[in-house]
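Going down the list, the protein sequences come from chains A and B.
Sequential numbering from 13 applies to the first sequence in the working numbering.
Sequential numbering from 13 applies to the second sequence in the working numbering.
2 protein chains.
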Amino acid sequence: MTGDNDMRKDDLKEGDALALGQQLCFAVYSVAHAFNRTYKPLLDKFGLTYPQYLVLLALWQQDRMTVKGIGEALGLDSGTLSPLLKRLETAGFVSRIRDKSDERQVIVTLTQKGAGLKAEAFGILTEIGKAMGCSMAEAAALRSALHDLNHQLGENQQS
Amino acid sequence: MTGDNDMRKDDLKEGDALALGQQLCFAVYSVAHAFNRTYKPLLDKFGLTYPQYLVLLALWQQDRMTVKGIGEALGLDSGTLSPLLKRLETAGFVSRIRDKSDERQVIVTLTQKGAGLKAEAFGILTEIGKAMGCSMAEAAALRSALHDLNHQLGENQQS
DNA sequence: CATTATTTAATTGTACGCAATATAATTTTG
DNA sequence: CAAAATTATATTGCGTACAATTAAATAATG
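Shown next, in the form of structure tokens:
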């Protein structure tokens, strides 16, 4: 480290561009993991994973969705959802029934157990709110910025 | 809005506040996937996955790290890193050598191929910058907010 | 200095996430 | 109406993530 490196602060700008701490994507990646770790103990009580919880959230908002509908709501494809829904079915939270009027489709429906979980899972909301420990305005601004970024990144996808 | 106390709006706001953390989490989750999709075609050219690219970013910043060191930098454990590093070694980007002075440790070192890739990676930055379609200032602000959130979520973890 | 405890990687098992493919049902079309 | 194209879901294969376990090396302890 002696002598062979005369780099001064001014020269470091380009080198720093590739630094981990500078990467927005890494910040997002890290927070996603942090959220996952925060949710895990809360969801473990119900035997749910975070993606499974997302599916239930979607169904609590609107029951009787097709696999495709859930996929569009969550940004997941059948390769992810088919086995996930099978596990949710095995666990007794949802049932999957072929649509009689279009047998290609599978209608995913909440069971009583799945529907009943909504009330119990309400406590998760408050726990997550507490864990974030930031103001509503901050959270709302961040959500909005991420929403824009998500849309922007999606735009560049279809090329 | 301040000081105006409209009963209905208050109810709505309370519901929003409760759900905000959850929505923020989903926004982060979605953007993480969106970034992954944006990076994929860029990294495919080099035969890299995004987590593998993260490891190289860490090594470009500081070469000769232990598995544990890389894990701390990226928030990953040996269960993820061991097979990943094996693939990076097979692909010729890094080499793994047992530390002679402490044979428990494995020192991960960039090969010439791995080190040489850094120059080409600047092109990825430009592409990502374009895809994000926001100013440096915006990106920096978002990164800073995510950094804070990550720290905050981490605080609540240690119980 | 031998035993125990801790540390570091690797391994095993489960669950995403996604590309590519397969399969069956429905539409489109010629 | 029959052949081709499209659509919806499921399956396969690969690469993360992460908990739990294992194995080997080092450190701490009596």
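Every residue gets a Cβ at the ideal spot worked out from N, C-alpha and C, and that includes glycine.
Every value quoted in this text rests on a predicted model; they were computed, and no experiment measured them.
Along the alpha helix (DSSP H) that carries residue i, what are the first and last residues, could you check?
i        : result
Arg155/A : Met148 to Glu167
Arg108/A : Unbroken run through Arg108/A is the beta strand (DSSP E), Val106 to Arg110; no alpha helix (DSSP H).
Thr138/B : Gln124 to Met144
Ala31/A  : Taken as a continuous stretch (DSSP letters only), Ala31/A belongs to no alpha helix (DSSP H), as it is neither H nor E.
Leu93/A  : Ser90 to Thr102
Leu68/A  : Tyr62 to Gln73
Glu115/A : Counting along the chain, Glu115/A falls outside any alpha helix (DSSP H), and DSSP gives it neither H nor E.
Gly83/A  : Val79 to Leu86
Would residue i and residue j qualify as a contact pair, given that the criterion is a beta-carbon distance under 9 Å?
i        : j        : result
Ile119/B : Met77/B  : yes
Ser94/A  : Lys80/A  : no
Thr50/B  : Ala151/B : no
Trp11/A  : Leu122/A : Any question about residue 11/A goes unanswered here, given that chain A covers just 13 to 171.
Tyr41/B  : Phe47/A  : yes
Leu100/A : Gly126/A : yes
Ala85/A  : Ala103/A : no
His247/A : Gly87/B  : As displayed, chain A neither begins before 13 nor continues past 171, which places residue 247/A out of reach and without an answer.
Phe105/A : Leu68/A  : yes
Is there a C-beta anywhere in chain A that falls below 9 Å from the one on residue i?
i        : result
Asp75/B  : no
Gly104/B : no
Glu167/B : yes
Ala149/B : no
Arg155/B : yes
What whole-angstrom Cβ distance do residue i and residue j have, given they're in contact under 8 Å?
i        : j        : result
Asn162/B : Ala39/A  : 7 Å
Pro63/A  : Leu96/A  : 6 Å
Leu36/A  : Leu154/B : 6 Å
Gly145/B : Gln34/A  : Actually they do not touch by this definition, with Cβ atoms about 18 Å apart.
Counting contacts by CB-CB distance shorter than 9 Å, is residue i in contact with chain B?
i        : result
Val43/A  : yes
Leu36/A  : yes
Asp160/A : yes
Lys21/A  : The pLDDT assigned to Lys21/A is 44, lower than 50, so where the model puts this residue is not dependable; a value taken from the coordinates is nonetheless given after this. Chain B contact via Cβ: absent.
Asn17/A  : Confidence at Asn17/A is low in this model, with a pLDDT of 47, below 50, so its placement is unreliable and the value that follows should be read with caution. Answer no: the Cβ-Cβ gap between Asn17/A and chain B never drops below 9 Å.
Ala40/A  : Note that residue 40/A is Val in the sequence shown, not Ala. Chain B, which has a Cβ nearer than 9 Å to the Cβ of Val40/A, makes this yes.
Leu71/A  : no
Gln164/A : yes
Item to check | Residues of the segment 123-145 of chain B whose Cβ lies closer than 8 Å to any Cβ of chain A, in chain order | outcome: Here the close residues are Lys130, Ala133, Phe134, Leu137, Ile140, Lys142, Ala143, Met144 and Gly145.
Next on the checklist: What are the residues in the segment 77-100 of chain B lying within 7 Å of chain A by C-beta distance?
Outcome noted: So the list reads Ala85 and Gly87, given in the order they occur along the chain.
Item to check | Near-chain A residues of the segment 43-60 of chain B - C-beta to any C-beta below 8 Å | outcome: Those residues of the segment 43-60 of chain B that come within reach of chain A (Cβ to Cβ, closer than 8 Å) are Val43, Ala44, His45, Ala46, Phe47, Arg49, Thr50 and Tyr51.
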